[in-house]
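So in the working numbering, spot 68 of the sequence shown is number 69, and the numbers just go up one at a time.
For each residue, glycine too, the CB sits at the ideal point set by N, CA and C.
From a predicted model like this one, the values you see are computed outputs, not experimental measurements.
Only one structure is covered here, and it is reproduced in the block below.
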Amino acid sequence: MTAITRRSTMISYKAVIFAILFCIMLISFVLGSVIVKGQSKRHASASDTYFTNITVDEGDTLWSIAQANIDYDYYDSIYDYMEQLKDINNLTTDDINAGDNMIVIYYADSVH
2 MTAITRRSTM ISYKAVIFAI LFCIMLISFV LGSVIVKGQS KRHASASDTY
52 FTNITVDEGD TLWSIAQANI DYDYYDSIYD YMEQLKDINN LTTDDINAGD
102 NMIVIYYADS VH
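As structure tokens, then:
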């Protein structure tokens, strides 16, 4: 090999190493951003979670009750909150009736 060929090969080798390292750093950054974004919602501890009993009024819907009580710091969407309301109230559908009693979840910061 001539000196020029060796130098050219060495430059190509360094360029490939640089490109690989750059790709690894880029992938790490993207994955780190996705993980942080996924953890942006607060996770309630047992001491942050409270329950109250309400009576369903005429014209109330599961949606309207969820909309009035949801805390978006803890839920990604109103649908997630509605599903939790359905679970704790043993509902299989979104149908509720005036006069029904429901347990509603709400959150408050712990006082230390």
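Roughly how many angstroms lie between the CA atoms of I55 and D61, to the nearest whole one?
-> Working through the sequence shown from its first residue, we reach residue 55 at position 54. Working through the sequence shown from its first residue, we reach residue 61 at position 60. Each residue's Cα considered, the two are about 11 Å apart.
Under the assumption that L63 contacts I97 (Cβ atoms under 8 Å), give the Cβ distance between them as a whole number of angstroms.
-> Counting from one through the sequence shown, the residue named residue 63 turns up at place 62. Counting from one through the sequence shown, the residue named residue 97 turns up at place 96. Yes, they are in contact, since the Cβ atoms of L63 and I97 sit about 6 Å apart, within 8 Å.
Can you give me the Cβ contacts of F1 inside the same chain, cut-off strictly under 8 Å, excluding the 5 residues immediately before and after it?
-> This structure gives no information on residue 1, because the portion of the chain shown stretches from 2 to 113.
What three-state label does DSSP hand Y73 in the structure shown?
-> Start at 1 with the first residue of the sequence shown, and residue 73 comes out as number 72. Correct three-state label for Y73: coil.
Are there 16 or more other CB atoms within 10 angstroms of the CB of M26, so buried, or fewer, so exposed?
-> Within the sequence shown, residue 26 is the residue found at index 25, counting from 1. M26 comes out exposed.
Starting from the Cα of Y51, find the closest Cα among L22, E84 and I71 and give me that residue.
-> Locating residue 51 in the sequence shown gives position 50, where the first residue counts as 1. Closest option to Y51, Cα to Cα, is I71.
Give the secondary structure of I89 by DSSP, where H, G and I count as helix, E and B as strand, and everything else as coil.
-> The residue labelled residue 89 in the question sits at position 88 within the sequence shown. Three-state result, I89: helix.
Under a CB-based cut-off of 8 Å, is M11 close to chain D?
-> Although the question refers to chain D, the structure presented lacks it and comprises just one protein chain.
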